Amino acid sequence: MAKSMSCRTVKNEAHFGVFSLASACAFGQMQLLLVDAPGSEKPVSAMHSIGSIAVGERIDTVFRVRNASQTSLTVRTFTLGGTGFTMFGQPSLPHMLAPGLNMDFTVRFAPGDYGSYSANLTVNGLSVLLIGSSKAAAVLSADGVRLTSGVAVDLGLAERGTSVTKTFRLENTTTERVSVQSATLAGTHFQTTQNLPLPLELAARSFIDFDIVFAPKASGVFQGSLTIDGRTYRLTGAANEPPFPKPTILVDLPNATSGQQGRVSVQFGQASRAIGSGKLRLEFRPAVAMAPDDEAVRFIKTNRATTFEVTEGVSIPVQDATFQTGTTAGTIVFTAEVGGWTATSSVDIAPQPVHFDRVKAVKNASMLEVEITGYDNTRSASQLAFTFYTAKGEPVQPGAIRVDGTNDFRRFFENSPAGGAFTLKAIFPVAGPLGDISATEVSFVNSAGSKASGKIQMQ
Amino acid sequence: MIRTLLFFVFLITAAAQIDAPRIGFIVDSKNFLRPVSGVAGAFTIGPAVEENVVSAAFSGKTLVVKKDVELLVNEERFEAPQGPIEVRFEAKGLLREIFFPDSSKLWTWKNGKFEESFGAPAGWKPFEIYDGRISVAGAAVPLPSRALKASELGEDWLVIYAERGTYAFRDGQVYELPDGEE
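In order, the protein sequence lines correspond to chains A and B. If you count by my numbering, then the first sequence holds residues 259 to 717, one letter each, in order. If you count by my numbering, then the second sequence holds residues 25 to 206, one letter each, in order.
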């Protein structure tokens, strides 16, 4: 079946603002259409104006070939001839187009110089003359790549508080003098090192370089823009947090025994450039097997863990946090975690004989009361001895009264959350006058040794 | 010759007489009354036993708690003037006097009831706070922040409330007390 080329007149779309007549192109049942918006198409006349742009810019125009016949159509020729015009998205040839189907492709108009341009677009036997024009303007480029308006230029990744710089070139690629009237940089974290001397006259084939600095003061992804004579180029940059310095833990505990309050600090070797938070934990590993936790082993302010804030310039994020060693032998482990770093420091609390915090002895009408408050950090108290003394310092007969408290203390410690701390109240009914009894001494034995209270005056 | 005979019953009573050491009471930053347990340098703070507490003092035998217009003496309640109180105990830990500085009223405990007069007796407290500095028995107590008030924490113990912490004091030694709120 022979195909014939014909041009017919159609009314242009109303949105152009004017109603005019132009010729629409078809070859046989093949139609060439302009896709002017998604879902919108219109016939293309034999001569189609691409438009006018500045040198260095580009216009992409999508065309559509439709097989409007009832039989398959084979596209055998597909050419675009003309300086400043390129084509992409077209199929390899030959290309079979089934009845009713479309084939889209894009023509790019990117003039390298000012002036008028034209190109001949041919599909099979159907030809359209494409025309465009370009006015002389400075071309912006970066890293040797020419930039068209709307594109994004990535300035890269920088640590917060540092900067990265990219050099841009504003170039007159034409043979005519061009003028740059305005250049505006927008974006919180973008800045120039020097302002362009505006208005700027660029001689033919000349250029000027300038730097744009991305200097983020916060972390994240940021956008800015550079607008030169109405042409806007997007700028992007990403900022991450600087790394935290490695933390170290300093423990100030002059006497590493139970019943002490010490200080712990977290220090950096240098002032932090990073901002964030960290955590300081205290873990207690009792030396006594199966012992309940000792609640007195803790930070004063925050029990077993505390969070701390790190601001820029801080070198000691935790200073002198008070902690208690409790009343149980074991190991206190401090762990600081910040910015991926983990530092630990431990303090060993050695087993020790029973410690007397306070011993009080009172005489009542017919009995002696002895109240001992202290701690047994081994939780193994066994033998107790009470000795009473006369005013002359002589032991009252029968001398030391010995008691095996092993089971009683074991039962107490098994359920006490107070670690090794205890108060023992012993009452001694007495037959006879109490007047001559003036002091008492208590001694305890545990797995770490024996300890005596010294003489305690009776009240 | 010493003829005193000691009949020792400790063996059968010892178990019942071993307990966790109780030191006394503090008022935390949210005005809760909380027990303090442990030994010097190894304190624990227990759960709140009273709320909306203005002042508290404990001698080891007598607990005095002041709420808004209510005074509790070992849980016996009395109507009382508003504001904080200062408490003075007898040597054996019994209540002697309560002073209401806001109204300058002095309540003296006699025969199970209070007698009211006006004006605080001079030098009746074991401590003095002036311009953020506290001294006990004439000796300055070093604190990392300004002292605000103090009271009896327990037998032989004082509690000092300072701007940046709460401290226990005994025998010239200062210890930092844990926070009740966590």
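Cβ atoms here follow ideal geometry from the backbone N, Cα and C, with glycine treated the same way. In this text the structure is predicted, and so the values were computed from the model without any measurement.
Cβ-based neighbour list, residue i, same chain, cut-off 6 Å, excluding 5 preceding and 5 following
i: residue 152/B; result: 159
i: residue 713/A; result: 697 and 699
i: residue 659/A; result: 644
i: residue 141/B; result: 130
i: residue 619/A; result: 628, 698, 714 and 716
i: residue 565/A; result: 535 and 537
i: residue 723/A; result: Outside the displayed range of chain A (259 to 717) lies residue 723/A, so it cannot be described from this structure.
i: residue 310/A; result: 391
i: residue 514/A; result: 605
i: residue 306/A; result: 386 and 388
i: residue 469/A; result: 423, 425 and 451
CB-CB length for residue i against residue j, believed under 8 Å
i: residue 342/A; j: residue 370/A; result: 7 Å
i: residue 505/A; j: residue 596/A; result: 5 Å
i: residue 634/A; j: residue 654/A; result: About 26 Å; that fails the 8 Å criterion.
i: residue 684/A; j: residue 617/A; result: Not quite, the Cβ-Cβ distance comes to about 11 Å (not below 8 Å), so this is no contact.
i: residue 344/A; j: residue 366/A; result: 5 Å
i: residue 422/A; j: residue 491/A; result: 17 Å between Cβ atoms; not a contact.
i: residue 484/A; j: residue 413/A; result: Contact doesn't hold; Cβ gap of about 11 Å is too wide.
i: residue 302/A; j: residue 386/A; result: 6 Å
i: residue 478/A; j: residue 66/B; result: About 47 Å separates the two Cβ atoms, so there is no contact after all.
i: residue 588/A; j: residue 545/A; result: 4 Å
i: residue 590/A; j: residue 568/A; result: Contact flag wrong, Cβ pair sits at about 24 Å.
Chain-order list of residues whose beta-carbon lies under 7 Å from that of residue i (same chain, five-residue window excluded)
i: residue 509/A; result: 520, 522, 592, 603 and 605
i: residue 202/A; result: The displayed coordinates of chain A run from 259 to 717. Any statement about residue 202/A would go beyond what the structure contains.
i: residue 500/A; result: 417, 418, 419, 531 and 532
i: residue 34/B; result: With a pLDDT of 37 at residue 34/B, under the threshold of 50, the modelled position of that residue is not reliable, and the figure given next carries that caveat. None.
i: residue 704/A; result: 611, 612, 634, 636, 638, 639 and 640
Local conformation of residue i per DSSP, three classes
i: residue 106/B; result: coil
i: residue 672/A; result: helix
i: residue 666/A; result: helix
i: residue 348/A; result: coil
i: residue 715/A; result: strand
i: residue 199/B; result: strand
i: residue 610/A; result: coil
i: residue 41/B; result: helix
i: residue 634/A; result: coil
i: residue 59/B; result: strand
i: residue 388/A; result: strand
i: residue 439/A; result: coil
i: residue 181/B; result: strand
i: residue 306/A; result: strand
i: residue 687/A; result: strand
i: residue 281/A; result: Only weak support is given to the placement of residue 281/A: the predicted model assigns it a pLDDT of 39, under 50, and the question is left unresolved by the model.
Cross-chain neighbours of residue i in chain B, by beta carbon under 8 Å
i: residue 584/A; result: 66
i: residue 674/A; result: 44
i: residue 697/A; result: Within 8 Å Cβ-Cβ: nothing; residue 697/A doesn't reach chain B, min ~13 Å.
i: residue 739/A; result: The structure shown does not extend to residue 739/A, since chain A spans only 259 to 717, so no value can be given for it.
Contacts of residue i in chain B (Cβ-Cβ under 7 Å)
i: residue 580/A; result: 200
i: residue 641/A; result: Here the premise fails: no neighbours, minimum Cβ distance about 12 Å.
i: residue 631/A; result: 45 and 63
i: residue 667/A; result: 42
i: residue 570/A; result: What residue 570/A touches in chain B: nothing, since even the nearest Cβ is about 25 Å away.
i: residue 679/A; result: 44, 45, 62, 63 and 66
Within chain A, partners of residue i - CB distance below 8 Å
i: residue 117/B; result: Result: empty, since nearest Cβ-Cβ is about 12 Å, beyond 8 Å.
i: residue 203/B; result: 558, 559 and 560
i: residue 41/B; result: 682, 683, 684 and 685
Under 9 Å by beta carbon: chain B residues contacting residue i
i: residue 543/A; result: Residues of chain B passing the Cβ test: none, with the nearest at roughly 17 Å.
i: residue 624/A; result: Chain B residues near residue 624/A: none, gap ~10 Å exceeds 9 Å.
i: residue 244/A; result: Residue 244/A falls outside the range modelled here, since chain A spans only 259 to 717, and no answer is possible.
i: residue 670/A; result: 39, 42, 43 and 44
i: residue 410/A; result: Ordered by position in chain B, no residue passes the 9 Å Cβ test against residue 410/A, which lies about 50 Å from the chain.
i: residue 554/A; result: 61, 62, 63, 65, 66, 67, 68 and 202
Residues near residue i by beta carbon distance below 8 Å, same chain, minus five either side
i: residue 528/A; result: 503 and 573
i: residue 128/B; result: 142, 143 and 144
i: residue 178/B; result: 46, 47, 48, 49, 60, 82, 83 and 84
Residue i Cβ short of 7 Å to the ligand PLP heavy atom set
i: residue 122/B; result: As far as ligands go, the structure on display features none, and thus does not contain the ligand PLP.
Using a Cβ-Cβ cutoff of 9 Å, what residues of the region 498 to 527 of chain A are near chain E? List them in chain order. The structure shown has no chain E; the protein chains it does contain are A and B.
Any 3 or more C-beta pairs closer than 8 Å across the region 389 to 396 of chain A and the region 348 to 364 of chain A: Contact fails: fewer than three Cβ-Cβ distances are below 8 Å.
Determine contact between the region 87 to 100 of chain B and the region 190 to 198 of chain B, defined as no fewer than three beta-carbon pairs at a distance below 8 Å. Segments in contact, no.
Per the contact definition of three or more C-beta pairs closer than 8 Å, is the region 574 to 586 of chain A in contact with the region 54 to 70 of chain B? Yes, since at least three Cβ pairs between the region 54 to 70 of chain B and the region 574 to 586 of chain A fall closer than 8 Å, the two stretches touch.
Could you check whether the region 69 to 79 of chain B touches the region 156 to 172 of chain B, counting it as contact only if at least three pairs of C-beta atoms, one from each stretch, sit closer than 8 Å? The count of Cβ pairs closer than 8 Å, one atom from the region 69 to 79 of chain B and one from the region 156 to 172 of chain B, stays below three, leaving the stretches out of contact.
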